[in-house]
Structure formats: structure tokens, C-alpha cells
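First to last, the sequence lines map onto chains A and B. Residue numbers 250 to 465, in our numbering, belong to the letters of the first sequence in order. Residue numbers 450 to 563, in our numbering, belong to the letters of the second sequence in order. Since the structure comes first, as C-alpha cells, the remarks are kept for the end.
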Amino acid sequence: QGTRSACPSCGDPTLAPQAERALVLELAKQKILEGLHLTSRPRITQPPPQAALTRALRNLQLGSEAPVKGEEVISFATIADASTSACGSMLTFHLSTPRSHHLHHARLWLHVLPSLPGTLYLRIFRWGPRGRRPGSQGLLAEHQMTAPGWHALPLPSSGLRSEESGVLRLQLDCSPLDSNHTAQAQQLLDTAGDRRPFLELKVRPKEPGAGRARRR
Amino acid sequence: TPTCDPETPLCCRRDHYVDFQELGWQDWILQPEGYQLNYCSGQCPPHLAGSPGIAASFHSAVFSLLKANHPWTLSTSCCVPTARRPLSLLYLDRDGNVVKTDVPDMVVEACGCS
Numbered sequence: 250q251g252t253r254s255a256c257p258s259c260g261d262p263t264l265a266p267q268a269e270r271a272l273v274l275e276l277a278k279q280k281i282l283e284g285l286h287l288t289s290r291p292r293i294t295q296p297p298p299q300a301a302l303t304r305a306l307r308n309l310q311l312g313s314e315a316p317v318k319g320e321e322v323i324s325f326a327t328i329a330d331a332s333t334s335a336c337g338s339m340l341t342f343h344l345s346t347p348r349s350h351h352l353h354h355a356r357l358w359l360h361v362l363p364s365l366p367g368t369l370y371l372r373i374f375r376w377g378p379r380g381r382r383p384g385s386q387g388l389l390a391e392h393q394m395t396a397p398g399w400h401a402l403p404l405p406s407s408g409l410r411s412e413e414s415g416v417l418r419l420q421l422d423c424s425p426l427d428s429n430h431t432a433q434a435q436q437l438l439d440t441a442g443d444r445r446p447f448l449e450l451k452v453r454p455k456e457p458g459a460g461r462a463r464r465r
Numbered sequence: 450t451p452t453c454d455p456e457t458p459l460c461c462r463r464d465h466y467v468d469f470q471e472l473g474w475q476d477w478i479l480q481p482e483g484y485q486l487n488y489c490s491g492q493c494p495p496h497l498a499g500s501p502g503i504a505a506s507f508h509s510a511v512f513s514l515l516k517a518n519h520p521w522t523l524s525t526s527c528c529v530p531t532a533r534r535p536l537s538l539l540y541l542d543r544d545g546n547v548v549k550t551d552v553p554d555m556v557v558e559a560c561g562c563s
């Protein structure tokens, strides 16, 4: 029983402060999960390294206009075998974009090492499902980079729909444009630690009835 | 809208700050550190129907209706949110991706009598 016998709204006995606080915390959990369309809080098994997280937050702020309807997502790549040549890396991303949303903006962030001799020519392939040869899904994008540091490479959002499993694999293929530097291709991209590549995505709820127009 | 205090029986906004650390959720909600979970509570006697938070003209319209008809009809007026704003969240999803999103209508800013 609180200090007053009845709640001013409903007349029920008022709650003791601790009980009210516990109820408020429970309400807060429900409202947040509801607002994020989650049934329970996510269990984070492999949080990204703090330094990579800090950089991603900085990128989210970069040029970030007022938050739009929908979500902005940063997805860090896991690299099949970091020891292989960074220029032939296979980047794997785990994306759980809900069916009710569609992807409308995608950029791949890569960090080019200072050892870059001249211009680096990069092609990005979408790796086919179930390990089929690269290119089976065709070339996604090609870029030329002439300076070391971070590069945000636009990708066609239409080519990035992840598999049913939510896994997206991108195969990098890069080489110096100047052929007599080919031997150093291995040391040109930084794919480990807090400079590992990541995808910056923007997803938006699908407009109701959007698909119908297409079917007609 | 008045903020509730123990002596206020009338419609007001009850403020609660929820710290995500207190929920044990600071490991996956990166920003902000907490949020204002406010709610509306209190009585709405007939003469307050349609009051704060809604245009005064609506209030006078309701008041003249009440005077014209049986002044103390049985229908009750309730203390409800009349202004709310979104909450911007930055969190880790189950795959360890960083997601930034706006959750609409999460923070009650004003209460009024329906």
C-alpha cells in the first residue's frame, strides 16, 4: 500500500515505490522490444571489436542526414582465411533484413594500405550460393583507388539481396593497374583487426502494395 | 501538462528515467544510455474534458456540449498522452551488426484529458 489508499486514475490500491519501479522497468523492456519488432533481446555472441565499433559509429555520423524512416546498418565482414592475399579475400556478412524491409543504399568500406603503388583496380563479385564459382552471380562493381586510407565503394543494392540463410558473400579481386607492381598485390588491402571491411546499408519498410504494381 | 507530484490527483505526466544498465541491456543497446519512460495518470473531471494538450477551441466545444446536455453525463474523460516523440536507438543485432533506428512514439511529452 502506498501513502494514499487509491490510484487517482483507476481507484486501485497504489503501488509501493519499489513495486512501481519494477513494473516500470518491465514495461520499458516490453516497449523497446515491441518498437524494434523483437520477441526477445539479442544474445550477442561475437560483439565487434571496440575500435571497429568506434570507427563505424563515426561513419554512421558522417554525412548522416536526420534519421530517415527505416534503419541504417553496419555489418562487419568475417574473412574466410585472413592469411591469404587480402586482394583475393572472400568477405562474409550475416544480414537479418526482415522481409518487410527493402535495401535502398549500400556501400562497402575498405581500408587501403599506404603501400599502394599507383592505382589499384578492384572488382567485387557476388559469390553464388552453396560455394559455386565466383562470378556465378556476376560482377557487382568495379572501382579504381589511387589513395591509401578508407574508401566507401557504392554497390548496387539490387545485387545484394542476402540468401534465405541471411548470409552474403563478396569476393574481392584486385590488382595494381601498373603491371610491374603485381607482386605486391597481397599487401594492399587491410582486412584484419579494427580496419576490417564493413558494409553500410540503409533499409526502409516496404510501401504497402509495392509488389502488387510490379505483378500487374 | 503538470508533472505528477504526490498531491496532484488530476491528470498529469508521471516521469521515470530508465537506465539500460539497470535493465542489464547496456551490452547490446549502444546509445543512448537510457530513456524517459513517462506515462499519464490522474483524474479527468468533466470540466477538464478536452483540456491541456488539445486546442482550446476543442475544450470550449466540449464544455458547451456538456452544459447543453445533461451536464454530468456518465461518459468519463481519460488522462491520455497528447504529444509523443520517437526514440533514436543504436544497438547490436543478433549477428553483431550495428543498427541505428528511430522507434516512433516512444517518449510521452504531454498528457491531457480526452
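C-beta atoms are modelled at their ideal positions from N, C-alpha and C, and glycine is treated no differently. As the structure is a prediction and not an experimental result, all values here were calculated from the model.
For the stretch 273-301 of chain A, which residues have a beta carbon sitting closer than 8 Å to at least one beta carbon of chain B?
Against chain B - using a Cβ distance shorter than 8 Å - the residues of the stretch 273-301 of chain A are Val273, Leu274, Leu276, Ala277, Lys278, Lys280, Ile281, Gly284, Leu285, Arg290, Pro291, Arg292, Ile293, Thr294, Gln295, Pro296, Pro297.
Taking the beta carbon of histidine 400 of chain A as the centre, do at least 16 other beta carbons fall within 10 Å, making it buried, or is it exposed?
Burial call: buried.
Would the stretch 455-470 of chain B count as touching the stretch 335-344 of chain A if we require 3 or more Cβ pairs under 8 Å?
No, they do not touch.
Check whether the Cβ of leucine 486 of chain B sits closer than 8 Å to any heavy atom of the ligand GTP, and report yes or no.
As far as ligands go, the structure on display features none, and thus does not contain the ligand GTP.
In terms of residue numbering, what span does the alpha helix (DSSP H) encompassing isoleucine 281 of chain A cover?
Here the alpha helix (DSSP H) through isoleucine 281 of chain A covers 266-284.
Taking Cβ positions only, does serine 490 of chain B come closer than 9 Å to chain A?
By this cut-off, serine 490 of chain B is an interface position.
Check the Cβ of threonine 550 of chain B against every Cβ in chain A and list those closer than 8 Å, keeping chain order.
Within chain A, the residues near threonine 550 of chain B are Leu285, Pro316, Gly319, Glu320, Glu321.
Identify whether aspartate 473 of chain A lies in helix, strand or coil by the three-state DSSP scheme.
Within the shown structure, residues of chain A are numbered from 250 to 465, placing residue 473 of chain A beyond reach of any answer.
Between the Cα of glycine 377 of chain A and those of A:Ala268, A:His353, A:Thr395, A:Gly408, spot the shortest distance and give me the residue it belongs to.
Answer by Cα proximity: A:Gly408.
Tell me, please, whether the CB atom of glutamine 480 of chain B is closer than 9 Å to any CB atom in chain A?
So yes, glutamine 480 of chain B belongs to the interface.
Distance check for valine 416 of chain A and glycine 319 of chain A, CA to CA, integer angstroms please.
The alpha-carbon atoms of glycine 319 of chain A and valine 416 of chain A are separated by roughly 21 Å.
Which residue marks the beginning of the beta strand (DSSP E) containing leucine 359 of chain A, and which one marks its end?
350-361 is the span of the beta strand (DSSP E), which, as asked, contains leucine 359 of chain A.
Which two residues bound the contiguous alpha helix (DSSP H) that contains leucine 472 of chain B?
Taken as a continuous stretch (DSSP letters only), the alpha helix (DSSP H) holding leucine 472 of chain B covers 469-472.
Taking 9 Å as the cut-off, decide whether the C-beta atoms of leucine 486 of chain B and valine 548 of chain B are in contact.
Not closer than 9 Å, so no.
Does the stretch 273-293 of chain A come close enough to the stretch 532-542 of chain B to have 3 or more Cβ pairs within less than 8 Å?
Touching, per the Cβ criterion.
Going by alpha carbons, who is nearest to alanine 255 of chain A out of B:Gly545, B:Ser490, B:Asp542, B:Ser563?
Nearest of B:Gly545, B:Ser490, B:Asp542, B:Ser563 to alanine 255 of chain A, Cα basis: B:Ser490.
Taking the alpha-carbon positions, what's the proline 403 of chain A to arginine 543 of chain B distance?
Their backbone Cα atoms lie some 25 Å apart in a straight line.
If you count every other CB in all the chains shown that lies within 10 Å of the CB of glutamate 321 of chain A, and 16 or more means buried, which is it?
Classification of glutamate 321 of chain A: buried, given that the 10 Å Cβ count is 16 or more.
Of the residues A:Leu388, A:Leu365, A:Thr368, which one's Cα is nearest the Cα of phenylalanine 374 of chain A?
Nearest of A:Leu388, A:Leu365, A:Thr368 to phenylalanine 374 of chain A, Cα basis: A:Leu388.
Cβ closer than 7 Å: which chain B residues qualify as neighbours of alanine 305 of chain A?
Within 7 Å Cβ-Cβ: Val547.
What residue does the beta strand (DSSP E) around serine 537 of chain B start on, and which one ends it?
528-541 is the span of the beta strand (DSSP E), which, as asked, contains serine 537 of chain B.
Classify alanine 390 of chain A as helix, strand or coil using the three-state DSSP reduction.
Three-state DSSP puts alanine 390 of chain A in a strand.
Looking at the C-beta of arginine 462 of chain B, does it have a partner C-beta in chain A at a distance below 9 Å?
So, not an interface residue.
Hey, leucine 264 of chain A and leucine 272 of chain A are a contact pair by Cβ (cut 8 Å); roughly how many whole angstroms apart?
Indeed they touch by this definition, with Cβ atoms about 7 Å apart.
According to the Cβ coordinates, are histidine 360 of chain A and glycine 398 of chain A closer than 9 Å?
Yes. Within cutoff.
Is any beta-carbon of chain A found at less than 9 Å from that of leucine 497 of chain B?
By this cut-off, leucine 497 of chain B is not an interface position.
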